[in-house]
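What follows is one structure encoded as structure tokens, with my remarks underneath.
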Ligand code: PEP
Ligand code: MG
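Residue numbers (the working numbering): 4 to 558.
Rendered as structure tokens:
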């Protein structure tokens, strides 16, 4: 049986399905009229069982995970929790409701203390779920543990859960909800983990069924035939050969250079990027370092983090993006207002303009990291809408002593006025994920409109063409750092439209390096085709000739 969805990356995985239990709903607040002492004993036993389980797992874990498990085991054993649960039961609540309320009260106290204490709130929610699962005798809603590697099947995955997936155990994942350009997909791509999301039939996949997850073809095959398995293995072999090719700098067949850069989110990614032959970093998503913080990081913390990330790139280009908070990755210390349409609200440079001290601190921290490492640091602002945003950011960057200050182009208005933006910006970098979402008015995190999330759409390609032309006219670099750069077929189209560098999750570099090397400027046979409709899109050409649009309608 074939199920279609939207692929993340282009890899193929073969393995057994393991379903992730759904999160537990909030227990109903119905009056409890049973034996109070027995209910208290039931709660006490579940709390003790979870506490022992966490302590046992902490004893065998290592590093950061060990610390988290130890802290969680101590929290579960905290007498305040037991007291709060007892009080709730005395007040006529069930054990489940008592546990839920006790942890909610405790979480509220920690949240109000701020700082490190507030950061523990997620851990508390996790313990609450574990105790309630134990009380109800149902599986804990977490990534299941298995001895052999498996394919995870879930309703959806939060970016934080995706970041924690153990690559030695999880071969790929399939979700019913989600969208390929949401940050869960982006984190999966960074880990080189194939995934197919927004798979309507995912709920019918059962534990233990064999699956092929073919991210490149947007497909999940349930209980494949021998022929399908053979084809999948052959594709895995082909991909392994591409990945084993020498790590040359990016270039078209005639030798014209196209820098191949990496998207990174934390210091540990730097080495992964270099191992995949990245020539530098085209997008350092600084907000990824601070997603679970309730308070702004100090300047010292930022300097330490940025220095650790920049250090391996001494003499190489690193494009750092200042905090892009909002929409599907809010930072609680920046986004405090409820918004009906957060993707259209105080996001990116808009909120930073309002909290300028924070932005100044970040720019100064980046400057200090540059001075400490000798990396060729470029800095850019997210969600620039027009030349006024660009001018504001460039002035601020310059006053912090930064040399190369640019704008991301991810809002259609910015694409239209790219020429004016380039009057102040030293470079632009196209965020195709947001540019596609805003050009087609389709929320990038909504699976229901994922079919509009198509960077091959002629409207998106035309906008990119306009930016490419503006870059050529100004003689300034035009990068792409959205997921479109990671699609080997589309990457060469982007170069044809005037893009001078491509930045992607490191595992995608090999495929794009191989496909660019096959294309020569002016190579008419190199016309790329929309993967779904096979409509010729645009000739992958550079130089004086303008790229020709042959596209008609949506693919
Ligand atoms: C983009 O929008 O394409 C981009 C690179 O930024 P992000 O995905 O982090 O929003
Ligand atoms: Mg973006």
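Idealized CB from N, CA, C, for every residue including glycine.
On a predicted model such as this, the values are computed, not experimentally measured, just so you know.
{"Asked": "I'd like the list of long-range same chain contacts for residue 311, defined as Cβ closer than 7 Å, with 5 residues on each side in sequence excluded.", "Found": "270"}
{"Asked": "How big is the Cα-Cα spacing for residue 542 and residue 28?", "Found": "With a pLDDT of only 41 at residue 542, under the threshold of 50, the placement of this residue in the model should not be trusted, and no figure is reported."}
{"Asked": "Work out the CA separation of residue 292 and residue 187 for me, nearest whole Å.", "Found": "15 Å"}
{"Asked": "Hey, could you find the ends of the beta strand (DSSP E) residue 206 is sitting in?", "Found": "First-last for residue 206: undefined, no H or E at that position."}
{"Asked": "Return the CA-CA distance between residue 18 and residue 216, expressed in angstroms with no decimal places.", "Found": "8 Å"}
{"Asked": "In terms of residue numbering, what span does the alpha helix (DSSP H) encompassing residue 468 cover?", "Found": "461 to 477"}
{"Asked": "According to DSSP, is residue 528 part of a helix, a strand, or is it coil?", "Found": "Annotation note: pLDDT 35 at residue 528 (below 50); position unreliable, coordinate value reported separately. Helix at residue 528."}
{"Asked": "Pull up the CB-CB distance for residue 468 and residue 491, whole angstroms please, since I reckon it's below 8 Å.", "Found": "At roughly 20 Å, the Cβ-Cβ gap does not stay under 8 Å, so residue 468 and residue 491 are not in contact."}
{"Asked": "Between the Cα of residue 179 and the Cα atoms of 148, 199, 166 and 173, which residue gives the shortest distance?", "Found": "199"}
{"Asked": "For residue 527 and residue 459, what's the separation of their Cα atoms in angstroms?", "Found": "Note on residue 527: pLDDT 36, under 50, position unreliable in the model; the coordinate value appears next. Between residue 527 and residue 459, the C-alpha separation is close to 19 Å."}
{"Asked": "I believe residue 10 touches residue 218 by the beta-carbon criterion, under 8 Å. Please report the beta-carbon distance rounded to the nearest angstrom.", "Found": "3 Å"}
{"Asked": "Please report the distance separating the alpha-carbon of residue 382 from that of residue 256.", "Found": "31 Å"}
{"Asked": "Is residue 316 closer than 8 Å to residue 283 when the C-beta atoms are compared?", "Found": "yes"}
{"Asked": "Quick one: what's residue 106 bridged to in DSSP?", "Found": "Answer by DSSP bridge pairing: none, since residue 106 is not bridged."}
{"Asked": "Determine, using beta carbons only, whether residue 75 and residue 164 come nearer to each other than 8 Å.", "Found": "no"}
{"Asked": "Strictly by DSSP, which residues pair up with residue 379?", "Found": "320"}
{"Asked": "Helix, strand or coil for residue 97 per DSSP?", "Found": "coil"}
{"Asked": "In three-state terms, what does DSSP make of residue 326?", "Found": "coil"}
{"Asked": "Below 7 Å, is the gap between the Cβ of residue 485 and the nearest heavy atom of the ligand PEP?", "Found": "yes"}
{"Asked": "Out of curiosity, what's the CA-to-CA distance linking residue 461 and residue 415?", "Found": "13 Å"}
{"Asked": "Determine, using beta-carbon pairs with one atom in the segment 405 to 420 and one in the segment 434 to 443, whether at least three such pairs fall under 8 Å.", "Found": "yes"}
{"Asked": "Run the CB neighbour count on residue 140, radius 10 Å, all protein chains shown included, and call it buried at 16 or more, exposed below.", "Found": "exposed"}
{"Asked": "Within the present structure, is the beta-carbon of residue 189 separated from the nearest heavy atom of the ligand PEP by less than 7 Å?", "Found": "yes"}
{"Asked": "Say the cut is 7 Å; is the CB of residue 140 nearer than that to a heavy atom of the ligand MG?", "Found": "no"}
{"Asked": "Quick one: residues in its chain with C-beta nearer than 8 Å to the C-beta of residue 12, no 5 flanking neighbours on either side, listed in chain order?", "Found": "191, 192, 195, 196, 197, 198, 218, 219, 489, 508, 510 and 511"}
{"Asked": "At what residues does the beta strand (DSSP E) containing residue 154 begin and finish?", "Found": "153 to 157"}
{"Asked": "Which runs of the alpha helix (DSSP H) at least 4 residues long sit entirely within the segment 331 to 412? Give them in chain order.", "Found": "352 to 357, 359 to 376 and 390 to 402"}
{"Asked": "Just how far apart, CA to CA, sit residue 274 and residue 263?", "Found": "15 Å"}
{"Asked": "Using the beta-carbon of each residue, find all residues closer than 5 Å to any heavy atom of the ligand MG and list them in chain order.", "Found": "413, 434 and 437"}
{"Asked": "Three-state secondary structure (DSSP) at residue 308?", "Found": "helix"}
{"Asked": "Relative to the C-alpha of residue 472, which candidate in 455, 499, 485 and 456 has its C-alpha closest?", "Found": "499"}
{"Asked": "Quick check: residue 420 and residue 389, are their CB atoms within less than 8 Å of each other?", "Found": "yes"}
{"Asked": "I'd like to check one pair, residue 30 with residue 111: are the Cβ atoms closer than 8 Å?", "Found": "no"}
{"Asked": "I need the DSSP call for residue 536, collapsed to helix, strand or coil.", "Found": "At residue 536, the pLDDT of 49 sits below 50, so the modelled position is not reliable; the number obtained from the coordinates is stated separately. Three-state result, residue 536: coil."}
{"Asked": "Could you check whether the Cβ of residue 288 sits closer than 7 Å to any heavy atom belonging to the ligand PEP?", "Found": "yes"}
{"Asked": "Does the Cβ of residue 327 lie closer than 7 Å to at least one heavy atom of the ligand PEP?", "Found": "yes"}
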